[in-house]
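Under mature numbering (1 follows the signal peptide of the UniProt record, and there is no 0), the letters of the sequence shown match residues -25 to -1, 1 to 335, in that order. The C-beta atom is built at its ideal place from N, Cα and C for all residues, glycine as well. All of these numbers come straight from a predicted model, not from anything done at the bench. The structure under discussion appears below in the form of structure tokens.
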Amino acid sequence: MRVHKAWSAAALASLALLAGSPAVAAEDPAAAAVKPASPREQSLRVLADRAGVRIGTAVDTTALAADAPYRETIEREFSSVTPENVMKWQLVEPQQGVYDWAAADRLVDFARANGQTVRGHTLVWHSQNPDWLTEDAFTPAQLRALLRKHVIDQVTHFKGRIWHWDVANEIFNDDGTWRDTIWLRNLGKGYVADAFRWARQADPQAKLFLNDYNNEGVNAKSDAYYRLVRELKAQRVPVDGYGIQGHLAVQYGVPGDTLANLRRFEALGLQTAFTEVDVRMPLPADPIKVQAQAQGFTALLQACLLARRCVSYTLWGFTDRYSWVPDVFDGEGSATPLDADLVPKPAWFAMRDTLTLAGR
Ligand code: 9MR
């Protein structure tokens, strides 16, 4: 059981920063490039284990095969992994009826060998769908049959090996309206309930999650999820978890009511999880941005540790060597806690300190 202590968030953040800054100042970058980010007995996963949460990362499976320091960091520091791309529909069924599970299977085997859980990502999404699916003029009935087959075949393929499934990803707009997707247009809102039911049928053990970004605090989007979860629960739809991606940016800060938001979903009987945390910044980095970044990572981690049913905290990549951010946000980057040479930033030490305090 996690022990809940009466530390204030501010006290924790300043503790973490105090402990983090001198350590980073003492780093010799050349030596640290080959040095593990943490001593083994203080790895994130050892500390997270004591604190009662899983600590995860998204994994770039190409890098996993090619880059030994990257792979060793994942083995040493993380107790959960999420395929960054290789379980998305476009990659698992590039041609209609022809599955390619090879890359995803390798990651699942890697996780098993290293005692890591797997967050399956993602079954139903508007993005990264195969062209044959989105370009061909399927009727609504055909699309429903295709979605059903996709969910059931994929969940069945990995049955017993997936801890959490992100069943439905990014289904609402920021204003709380339903996102206009191939699924909504053709199947109506019921596609979400259907997907959860199919996933449960295919693997009764896996925990089934909703997942989105910009839903950390109490806002129009998280309100839409709250209403949806109540409806799904009333209809006995098997939804188990609320996933908060946690893509933050130092210039926008951290919503102060993140913990309150976690709590209201937990009160509906759900588990919660941070699923894709990173904290980007406008480049170049400077000391204040770096400090704000450490606070962003720890604020979400603290919220998770203060909540009752927050079971995991996953980074969307841990090193700038492979981050998605610079490709998507012009002029922004440095979004992860290890730089491109795997040298820890204050955010890394801050997370370690937060986990250490929580595990005492
Ligand atoms: O990090 C992923 C990147 O490599 C892909 O090109 C991109 C395609 O849309 O998806 C990225 O991951 C996204 C995740 O699957 C869902 N939430 C937002 C993530 C960042 O875009």
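Asked                                                                                                           : Found
Gln103 beta carbon less than 8 Å from that of Lys63                                                             : yes
Own chain partners of Arg175 with C-beta closer than 6 Å, once the 5 adjacent residues on each side are dropped : Pro213
Alpha-carbon spacing of Phe85 relative to Val130, whole angstroms                                               : 18 Å
Residue from Ala315, Val300, Gln270 with nearest C-alpha to Gly308                                              : Val300
C-beta contact flag for Glu145 and Trp100 at 8 Å                                                                : yes
Terminal residues of the alpha helix (DSSP H) in which Ser197 lies                                              : 195 to 209
For Asp253 and Ala329, believed in contact at Cβ under 8 Å, the rounded distance                                : Here the sequence assigns Thr to residue 329, which means Ala is not the residue at that position. At roughly 16 Å, the Cβ-Cβ gap does not stay under 8 Å, so Thr329 and Asp253 are not in contact.
Euclidean distance between Cα positions of Thr256 and Ala224                                                    : Looking at the sequence provided, one finds Met at residue 256 rather than Thr. One C-alpha to the other measures close to 6 Å.
Whole-angstrom distance between Asn190 and Thr156, CA atom to CA atom                                           : 19 Å
Proximity to Trp158 [Cα-Cα], best of His132, Leu118, Gly221                                                     : Leu118
Three-way DSSP call (helix, strand, coil) for Glu251 in this model                                              : strand
Cβ-based burial, Asp106 [other Cβ within 10 Å; buried from 16]                                                  : exposed
Sub-8 Å separation of Gly221 and Leu275 beta-carbons                                                            : yes
Option nearest Tyr45 by Cα separation, candidates Val318, Phe184, Gly72                                         : Val318
Rounded C-alpha distance that separates Thr57 from Gly271                                                       : 21 Å
Any 3 or more C-beta pairs closer than 8 Å across the stretch 36 to 45 and the stretch 234 to 252               : no
Local Cβ density within 10 Å of Ala177, reported as buried at 16 or more and exposed below that                 : buried
Three-way DSSP call (helix, strand, coil) for Ala33 in this model                                               : strand
Cross-strand partners of Met256 (DSSP beta bridge)                                                              : Gly308
Buried/exposed call for Pro14, threshold 16 Cβ in 10 Å                                                          : exposed
Of the listed residues Val193, Leu19, Tyr188, nearest to Thr32 (C-alpha basis)                                  : Leu19
First through last residue of the beta strand (DSSP E) which encompasses Thr289                                 : 285 to 290
Closest Cα partner of Ala333 within the set Ala112, Ala78, Val28                                                : Val28
Nearest residue (CA-CA) to Ile263, options Phe293, Gln246, Gly135, Lys320                                       : Lys320
Classification of Gly95 by the beta-carbon crowding that lies within 10 angstroms, buried from 16 upward        : buried
Distance cut-off 7 Å: residue 340 Cβ against heavy atoms of ligand 1                                            : Residue 340 falls outside the range modelled here, since the chain spans only -25 to 335, and no answer is possible.
Between the CA atoms of Ala181 and Arg211 - distance to the nearest angstrom                                    : 17 Å
Three-state class that DSSP yields for Gly95 in the structure shown                                             : strand
Nearest residue (CA-CA) to Tyr297, options Gln246, Ala38, Phe113, Leu162                                        : Ala38
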